[in-house]
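Below is one structure; the comments refer to it alone.
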Amino acid sequence: MIPRPFEYHVPRTLPEAIALLGELGDEAKLLAGGHSLLPMMKLRFAEPGHLIDLGKLSELKGIREVASEIRIGAMTTENELIWSTLLQAKCPLIVEGARQISDPQVRYRGTLGGDISHGDPGNDHPALMLALDASFVLAGGQGERVVPADGFFLGTYMTLLEPGEIMTEIRIPVPQAGTGSCYAKLKRKTGDFATAAAAVTLRMSNGAVSDVRIALTNVAPTALRAAAAEQSLLGKPLDEAAIAEAARLAMDVCEPVADLRGDIEYKTAMAGEMTRRALTTAYSRAAH
Ligand SMILES: Cc1cc2nc3c(=O)[nH]c(=O)nc-3n(C[C@H](O)[C@H](O)[C@H](O)COP(=O)(O)OP(=O)(O)OC[C@H]3O[C@@H](n4cnc5c(N)ncnc54)[C@H](O)[C@@H]3O)c2cc1C
20 MIPRPFEYHV
30 PRTLPEAIAL
40 LGELGDEAKL
50 LAGGHSLLPM
60 MKLRFAEPGH
70 LIDLGKLSEL
80 KGIREVASEI
90 RIGAMTTENE
100 LIWSTLLQAK
110 CPLIVEGARQ
120 ISDPQVRYRG
130 TLGGDISHGD
140 PGNDHPALML
150 ALDASFVLAG
160 GQGERVVPAD
170 GFFLGTYMTL
180 LEPGEIMTEI
190 RIPVPQAGTG
200 SCYAKLKRKT
210 GDFATAAAAV
220 TLRMSNGAVS
230 DVRIALTNVA
240 PTALRAAAAE
250 QSLLGKPLDE
260 AAIAEAARLA
270 MDVCEPVADL
280 RGDIEYKTAM
290 AGEMTRRALT
300 TAYSRAAH
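Residue numbering for the sequence shown is 20 to 307, as defined by the working numbering.
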């Protein structure tokens, strides 16, 4: 289908974009890479009268290390994440996750900020952000606020973003040296969203788990943290029994919907299996 007619705006600065968004209100949508918004407009699930293209805002681009944080501009594309030597060296989980998103066409245009702001439980970055303990910078007419990823995702296509706010930056504490991580994703074919996926960060100390975060993709209305599974591992050696118990506890928090990717039982079982794989691989990558 063809989208309804809309006015196209190209602000050159962030204040200009915020002012436009405030002025145009509910009638306007922000356009980043367009790989979620345009399909929705073509299906007429979204019918904005105005599109505000963020593509010319250079302040929303780039990946840098500031003190103990990695700061990524919201308009940074998946492809730029994948080829970032900073991320490859210091935060390989994002690189591993971004490489599994769709196909090169989507990865050249799709942005980190768009993937998170969209609030789609099928998107991969929300779980990666939960596992990395990220926070998001949201800018609006009233100024700027920084909110943690944990609590940002409220429901399918619902986030803490208020009308009039733009996500400008994603901040990630630099993972400590020796942290192991893995994103295990099951998909039916290249270009598909996850049937289920698990993101894990893990640190070991004196033979026991000293820190672990587990987050799941596409098995509930939002990306989920498997908090009970994390708790079950802390302070213990990571053997097969501990991993199996964590996978079982991760399955307990799943509430998937049945669709062409599988029924509820299958998706829940796959979330457990992805948790098992991600923990096993993260362990093999962690310092002991
Ligand atoms: C065939 C196909 C397969 C895909 N497979 C996957 C997959 O496996 N995993 C995955 O994670 N994604 C997948 N995607 C989605 C893709 O990654 C999108 O690019 C992403 O969801 C949205 O990013 P975008 O930059 O394209 O945002 P857009 O589509 O431009 O915007 C999406 C939404 O976010 C809002 N928005 C965008 N940027 C901001 C901002 N800075 N601040 C506030 N609001 C903002 C927009 O207004 C819009 O509502 C797939 C897409 C396609 C077409």
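Beta carbons are placed, not taken as given, at the ideal position from N, Cα and C, and that holds for glycine.
For this session: Give a yes or no on whether the C-beta atoms belonging to A227 and G132 are separated by under 8 Å.
Result: For A227 and G132, no; Cβs fall outside 8 Å.
For this session: Taking only the alpha-carbon atoms, compute the straight-line gap between I89 and R190 and give it to the nearest angstrom.
Result: Distance between the alpha carbons of I89 and R190: 6 Å.
Exercise. In three-state DSSP terms, what is R118?
Worked result: In the three-state reduction of the DSSP assignment, R118 falls in the helix class, which pools H, G and I.
For this session: Run through the region 134-184 for me and flag every whole alpha helix (DSSP H) of 4 or more residues, listed as ranges in chain order.
Result: Segments of the alpha helix (DSSP H) lying fully in the region 134-184: 144-150.
For this session: Label R244 either buried or exposed according to how many other C-beta atoms from any shown protein chain fall within 10 Å of its C-beta, with 16 as the threshold for buried.
Result: Buried, because 16 or more other Cβ atoms sit within 10 Å of the Cβ of R244.
For this session: Report all residues from its chain with a CB closer than 7 Å to the CB of L62; omit the five preceding and five following residues, and keep chain order.
Result: Only M20 meet the Cβ criterion.
Problem set entry | Straight-line Cα distance separating G53 from L298 | Rounded to the nearest angstrom, the gap between the Cα atoms of L298 and G53 is 33 Å.
For this session: Specify the secondary structure class of G281 as computed by DSSP and reduced to three states.
Result: DSSP, reduced to helix, strand and coil, places G281 within a strand of the structure shown.
For this session: Using the DSSP secondary-structure output, state which residues sit across from P192 in a beta bridge.
Result: Answer by DSSP bridge pairing, in chain order: E88.
Exercise. With burial defined as no fewer than 16 other Cβ atoms inside 10 Å of the residue's Cβ, what is the status of K75: buried or exposed?
Worked result: Residue environment: K75 is assigned as exposed (fewer than 16 neighbouring CB atoms within 10 Å of its CB, all protein chains considered).
Problem set entry | Nearest neighbour of P275, chosen from Y27, G44, L235 [CA to CA] | The residue with the shortest Cα to Cα distance from P275 is L235.
Exercise. Looking at T198 and A248, is the spacing between their C-beta atoms short of 8 Å?
Worked result: No; because the gap between Cβ atoms is not below 8 Å, this pair is not in contact.
Exercise. So is H137 buried or exposed if we call it buried at 16+ other beta carbons inside 10 Å?
Worked result: Per the 10 Å Cβ criterion, buried.
Exercise. Which residue's Cα is closest to the Cα of A117: L157, S251, A216, L173?
Worked result: From the listed residues L157, S251, A216, L173, the smallest Cα separation to A117 is found for A216.
For this session: Give the secondary structure of K61 by DSSP, where H, G and I count as helix, E and B as strand, and everything else as coil.
Result: DSSP places K61 in helix when its eight states are reduced to three.
Exercise. Is it true that the region 65-81 meets the region 21-41, where meeting means three or more beta-carbon pairs spaced less than 8 Å apart?
Worked result: Yes: the two stretches touch, three or more of their Cβ pairs being nearer than 8 Å.
Exercise. Alpha carbon to alpha carbon, what distance is there between A213 and D143?
Worked result: Each residue's alpha carbon lies about 8 Å from the other.
Problem set entry | Reference T300, options R23, I101, T104, L221, closest by Cα | Answer by Cα proximity: L221.
Exercise. Are the Cβ atoms of A47 and L56 separated by less than 8 Å?
Worked result: No, these two residues do not count as a Cβ contact at 8 Å.
Exercise. Is DSSP giving R267 helix, strand or coil here?
Worked result: Three-state result, R267: helix.
Problem set entry | Check whether L157 and L173 have beta carbons under 8 Å apart | Not closer than 8 Å, so no.
Exercise. Can you name, in chain order, every residue of its own chain whose Cβ lies under 6 Å from the Cβ of E66, other than the five neighbours on each side?
Worked result: If we look at E66 and ignore the five residues flanking it on each side, its Cβ neighbours are R23.
Exercise. For V219, does the count of other Cβ atoms within 10 angstroms reach 16, so buried, or fall short, so exposed?
Worked result: That one is buried.
Exercise. If you draw a straight line from the alpha carbon of N225 to that of K208, how long is it in whole angstroms?
Worked result: Approximately 40 Å, taken between the alpha carbons.
Exercise. Looking at N98 and ligand 1, is the gap between the Cβ and the nearest heavy atom below 7 Å?
Worked result: Flag unset: Cβ of N98 not near ligand 1.
Exercise. Using the C-alpha atoms, what's the distance from G160 back to P256?
Worked result: Rounded to the nearest angstrom, the gap between the Cα atoms of P256 and G160 is 49 Å.
Exercise. In its own chain, which residues sit with a C-beta less than 6 Å from the C-beta of A230, not counting the 5 before and 5 after it?
Worked result: Just to set this straight, residue 230 is Asp in the shown sequence, not Ala. Result list for D230: R222, in chain order.
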